[in-house]
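Colleague: Residue numbers (our numbering): 112 to 762.
In structure tokens form, the structure reads like this:
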């Protein structure tokens with residue numbers, strides 16, 4: 112660690128000093144997705160956003176819970192990305208399974224989304240792999256009402272009744288999704304109240320077979336009900352914001368070490384308060400206080416499986432900032448408390464971590480800047496050091512370069528996987544027949560990362576970006592599991608080992624080209640990454656992430672009220688060695704290989720009634736080749752979705 116910190120210090124002195132706000136190209140790893148882009152692309156659920164993010168790989172088993180891997184380890188390892196809502200961190204994890212759709216936020220509440228894919232300190236959190244920063248809509252003066260409804264069908268799919276006596280050709284649906292919001296804005300305050308309801312039919316035959324004997328539901332359906340309240344006000348020269356949200360999902364929760372889905376009731380609650388106080392023209396204070404509860408409650412099932420799990424977490428942070436024309440300085444401190452409630456006897460049911468963080472940005476002139484950010488985390492024993500050095504420079508109006516060098520450590524309390532609690536007595540896996548072997552436990556993981564980008568703007572309409580990144584990881588604790596197929600339950604089981612002190616290196620390169628031609632906007636993104644070195648378990652884990660990914664999006668607006676959108680994607684094949692034995696046992700019904708896939712999505716949108724009514728039609732996977740994302744997950748063919756939205760502003 113000391114050597115890495117010395118290297119950072121030398122680099123800080125040896126490299127010349129964010130280009131200015133009018134420079135055009137966005138900062139390294141930053142992607143802005145506006146609400147108009149979300150509408151034109153047919154985004155209905157928050158998880159749909161992941162398919163639009165440059166360089167992030169995604170996977171799913173049931174089509175409702177999507178996992179993302181932004182230059183990190185396997186999607187089913189510890190997530191290396193974070194979620195923030197209006198600057199407040201959102202803790203959605205349950206044993207390191209992070210589902211965006213658990214957040215009680217719908218499309219009507221969103222103004223824009225900013226994606227960061229580079230290590231940095233953001234609002235008191237160190238973002239290792241990526242950040243989804245959701246900015247809520249701020250209503251104008253008066254009363255506004257928004258309502259949205261969507262439903263979809265997978266054409267040619269047998270539907271939920273195909274395996275019953277009432278079999279029909281196709282009655283499959285994705286949805287319906289219904290949401291509504293009421294906004295009120297005044298001169299110095301605003302408020303927004305929203306609610307949503309979602310249904311997701313689990314129709315894939317393999318998933319249904321795994322859950323046929325365990326679930327008491329005749330036809331498995333994932334259901335969600337959620338409500339939220341947001342308010343903001345200005346007083347005493349400061350701005351303050353309050354958020355209350357509650358979501359409850361009847362889910363088929365997949366926990367990889369267990370090897371199958373478990374019917375659960377999964378409530379999520381969050382309350383947060385944050386704001387700013389201006390002390391002078393250049394100095395201010397910012398505060399954040401967040402409390403969240405994540406639960407895995409029992410949904411009745413024939414095996415009486417019950418996670419019996421509740422995790423509560425509170426955060427409190429206070430930071431001071433000083434900003435002037437040539438520099439910006441931020442210094443803050445935070446406390447985070449985590450506690451677990453379960454019927455299993457735990458040797459330790461919680462922990463508290465203390466953090467100290469800061470950032471210094473120096474900009475001697477408009478065309479160059481350099482920043483150094485750090486975050487120290489301690490649980491009273493272990494200390495985790497995280498730091499990132501960023502250098503940015505613009506050459507004229509056409510060229511810009513960026514480089515970010517970072518080093519970060521992760522203490523066991525920051526891991527989030529079930530293994531932390533297994534070590535303290537949580538015995539769900541062993542009580543339900545899973546052989547658990549912990550070889551070394553969770554230790555301190557370390558990563559050295561480098562990111563670089565060069566942007567060139569050929570003219571007002573065409574720009575390109577070249578990028579490269581490198582990750583050196585050590586002290587990793589990786590899961591080693593060999594599933595066998597159980598014909599009686601149509602599920603998978605096998606011993607699971609946690610192997611400590613794994614290490615490896617990865618590197619990747621990417622290119623992006625944007626072209627605006629009158630009414631047509633084109634965007635191309637290609638990424639190639641691979642393992643440079645590492646032990647066998649590290650390499651095996653990385654094979655679950657595609658080496659290559661290509662995405663081309665096109666948007667055509669022939670008139671102001673009409674838009675046509677398309678997205679062509681390619682992802683290379685992946686290998687999931689955990690299912691090798693199961694593939695042999697099932698004679699190829701299941702496979703450890705997930706083939707590469709090409710998909711094409713097309714959409715059309717029309718506004719009516721002076722942009723108060725919007726109708727949208729989306730066709731996903733027009734090529735209609737079955738596309739799985741996981742060896743035991745659903746394969747999706749051509750699906751069409753219809754959406755309608757009503758916006759009534761200034762009532």
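Beta carbons are placed, not taken as given, at the ideal position from N, Cα and C, and that holds for glycine. All values reported here derive from a predicted model rather than from experimental measurement.
1) Within 10 Å of its beta-carbon, does residue 519 have 16 or more other beta-carbons around it, so buried, or fewer, so exposed?
2) In the DSSP output, which residue or residues are listed as bridge partners for residue 741?
3) Rounded to whole angstroms, what is the Cα-Cα separation between residue 168 and residue 191?
4) Could you name the residues that DSSP lists as bridge partners for residue 247?
5) Note down, in chain order, each residue of its chain lying with its Cβ closer than 7 Å to the Cβ of residue 528, except the 5 sequence neighbours on either side.
6) For residue 424, I'd like the list of residues in its chain whose CB is within less than 6 Å of its CB, leaving aside the five on either flank, ordered along the chain.
7) Thinking C-alpha only, which one of 340, 309 and 481 is nearest residue 295?
8) Whose CA, out of 413, 626 and 585, lies closest to the CA of residue 569?
9) Identify which residue in 432, 636 and 370 has its Cα closest to the Cα of residue 391.
10) Answer yes or no: do residue 687 and residue 742 have a C-beta to C-beta separation smaller than 9 Å?
11) My output table needs one value for residue 649: the three-state DSSP class, helix, strand or coil.
12) Per DSSP, which residues does residue 427 bridge with? Please list them.
13) Indicate whether residue 711 and residue 758 have their beta-carbon atoms separated by less than 9 Å.
14) Less than 6 Å between C-beta atoms, sequence neighbours within five positions excluded: which residues of the same chain meet that for residue 384?
15) Would you call the stretch 572-584 in contact with the stretch 531-549, where contact means no fewer than 3 C-beta pairs closer than 8 Å?
16) Taking only the alpha-carbon atoms, compute the straight-line gap between residue 675 and residue 752 and give it to the nearest angstrom.
17) Which runs of the beta strand (DSSP E) fall wholly inside the stretch 328-369 and span at least 3 residues, in chain order?
18) Output yes or no for whether 9 Å exceeds the beta carbon distance between residue 632 and residue 666.
19) Taking the alpha-carbon positions, what's the residue 532 to residue 454 distance?
20) Taking contact to mean 3 or more Cβ pairs, one atom from each stretch, closer than 8 Å, check whether the stretch 579-591 and the stretch 615-623 are in contact.
21) Would you mind giving the Cβ-Cβ distance between residue 623 and residue 635, rounded to the nearest angstrom? I have them listed as a contact below 8 Å.
22) To the nearest angstrom, how far is the alpha carbon of residue 697 from that of residue 655?
23) In whole angstroms, give me the CA-to-CA distance for residue 396 and residue 297.
24) Please return the same chain residues whose Cβ sits closer than 6 Å to the Cβ of residue 563, not counting the five positions on each side in sequence.
25) How is residue 522 classed by DSSP in three states: helix, strand or coil?
26) Just confirm the distance between the C-beta atoms of residue 747 and residue 174, as a whole number of angstroms; I'd bet it's less than 8 Å.
27) Look up residue 727 in the DSSP assignment and give the residues it is bridged to.
28) Shortest alpha-carbon distance to residue 369 belongs to which of 544, 200, 647 and 703?
29) Would DSSP call residue 660 helix, strand or coil?
30) Leaving aside the five residues before and after residue 150 along the sequence, list all residues of the same chain whose C-beta is less than 8 Å from its C-beta, in chain order.
31) State the DSSP-derived secondary structure class of residue 239, mapped to helix, strand or coil.
32) Per DSSP, residue 582 forms a beta bridge with which residues?
33) Any beta carbon of chain D sitting closer than 9 Å to that of residue 252?
34) What three-state label does DSSP hand residue 178 in the structure shown?
35) State the Cα-Cα distance for the pair residue 239 and residue 468, rounded to the nearest angstrom.
36) If you count every other CB in all the chains shown that lies within 10 Å of the CB of residue 435, and 16 or more means buried, which is it?
Modeller: On the basis of the data shown:
1) Translated into positions along the chain shown, residue 519 becomes position 408. Looking at its Cβ environment, which holds 16 or more other Cβ atoms inside 10 Å, residue 519 is buried.
2) The residue you call residue 741 lines up with position 630 of the chain shown. Bridge partners of residue 741: none, in fact.
3) Indexing the chain shown from 1 puts residue 168 at position 57. Indexing the chain shown from 1 puts residue 191 at position 80. Those two C-alpha atoms are separated by around 12 Å.
4) In the chain shown, the residue the question calls residue 247 occupies position 136. DSSP output for residue 247 lists 221 as bridge partner(s).
5) One-based indexing of the chain shown puts residue 528 at position 417. Only residues of its own chain outside the window of five on either side were considered, and among them 189, 206 and 207 have a CB closer than 7 Å to the CB of residue 528, listed in chain order.
6) Working through the chain shown from its first residue, we reach residue 424 at position 313. These residues qualify, in order along the chain: 202, 403 and 449.
7) Here residue 295 refers to the residue found at position 184 of the chain shown. It is 340.
8) As a working mapping, residue 569 is identified with position 458 in the chain shown. Out of 413, 626 and 585, 626 has the C-alpha closest to the C-alpha of residue 569.
9) Within the chain shown, the letter at position 280 stands for residue 391. Residue 432 is the option with its Cα nearest to residue 391.
10) By 1-based counting over the chain shown, the position of residue 687 is 576. By 1-based counting over the chain shown, the position of residue 742 is 631. Contact flag set, yes.
11) Within the chain shown, residue 649 is the residue found at index 538, counting from 1. Here residue 649 sits in helix by DSSP.
12) As a position in the chain shown, residue 427 is number 316, starting the count at 1. Paired residues: 400 and 446.
13) Counting from 1 along the chain shown, the entry for residue 711 is found at position 600. Counting from 1 along the chain shown, the entry for residue 758 is found at position 647. Against a cut-off of 9 Å, the Cβ pair of residue 758 and residue 711 comes out as no contact.
14) Walking along the chain shown from the start, residue 384 turns up at place 273. Correct list, in chain order: 353 and 400.
15) No, because fewer than three Cβ pairs between the stretch 572-584 and the stretch 531-549 fall closer than 8 Å, the two stretches do not touch.
16) For the purposes of this step, residue 675 is identified with residue 564 of the chain shown, where counting begins at 1. For the purposes of this step, residue 752 is identified with residue 641 of the chain shown, where counting begins at 1. Whole-angstrom Cα-Cα distance: 15 Å.
17) 332-346 and 349-366, all fully within the stretch 328-369.
18) As a working note, residue 632 is residue 521 in the chain shown. As a working note, residue 666 is residue 555 in the chain shown. The Cβ atoms of residue 632 and residue 666 sit closer than 9 Å to each other.
19) Residue numbering aside, residue 532 sits at position 421 when the chain shown is read from its first letter. Residue numbering aside, residue 454 sits at position 343 when the chain shown is read from its first letter. Spanning the two alpha carbons is a distance of roughly 13 Å.
20) Taking a cut-off of 8 Å for Cβ pairs, the stretch 579-591 and the stretch 615-623 touch, as three or more such pairs fall below it.
21) Working through the chain shown from its first residue, we reach residue 623 at position 512. Working through the chain shown from its first residue, we reach residue 635 at position 524. The pair is a contact, with the Cβ atoms about 7 Å apart (cut-off 8 Å).
22) One-based indexing of the chain shown puts residue 697 at position 586. One-based indexing of the chain shown puts residue 655 at position 544. The alpha-carbon separation between residue 697 and residue 655 amounts to approximately 21 Å.
23) Along the chain shown, one-based indexing puts residue 396 at 285. Along the chain shown, one-based indexing puts residue 297 at 186. Taking the straight line from one Cα to the other gives about 25 Å.
24) In the chain shown, counting from the first residue as 1, residue 563 sits at position 452. Within its own chain, the residues whose Cβ lies closer than 6 Å to the Cβ of residue 563, once the five positions on either side in sequence are excluded, are 514 and 579, listed in chain order.
25) Locating residue 522 in the chain shown gives position 411, where the first residue counts as 1. The answer is coil: DSSP assigns residue 522 none of H, G, I, E or B.
26) Reading the chain shown from its first residue, position 636 is the one you call residue 747. Reading the chain shown from its first residue, position 63 is the one you call residue 174. For residue 747 against residue 174, the beta-carbon gap comes to about 7 Å, under 8 Å, which counts as contact.
27) Residue numbering aside, residue 727 sits at position 616 when the chain shown is read from its first letter. Residue 727 is bridged by DSSP to 716 and 754.
28) Locating residue 369 in the chain shown gives position 258, counting from the first residue. Of the listed residues, the one whose Cα sits closest to residue 369 is 544.
29) By one-based count along the chain shown, residue 660 stands at place 549. Three-state result, residue 660: strand.
30) Position 39 of the chain shown, counted from the start, is the residue given in the question as residue 150. These residues qualify, in order along the chain: 218, 716, 725, 727 and 756.
31) Sequence index remark: in the chain shown, residue 239 carries index 128 (1-based). In the three-state reduction of the DSSP assignment, residue 239 falls in the coil class, being assigned neither a helical nor a strand state.
32) Stepping through the chain shown from its first residue, residue 582 is reached at position 471. Residue pairing by DSSP places residue 582 opposite 560 and 617 in a beta bridge.
33) Protein chains in the displayed structure number just one, and chain D is not present.
34) Here residue 178 refers to the residue found at position 67 of the chain shown. In this structure, residue 178 counts as strand in the three-state DSSP scheme.
35) Walking along the chain shown from the start, residue 239 turns up at place 128. Walking along the chain shown from the start, residue 468 turns up at place 357. When rounded, the distance between both Cα atoms is 15 Å.
36) Working through the chain shown from its first residue, we reach residue 435 at position 324. With fewer than 16 other Cβ atoms within 10 Å, it is exposed.
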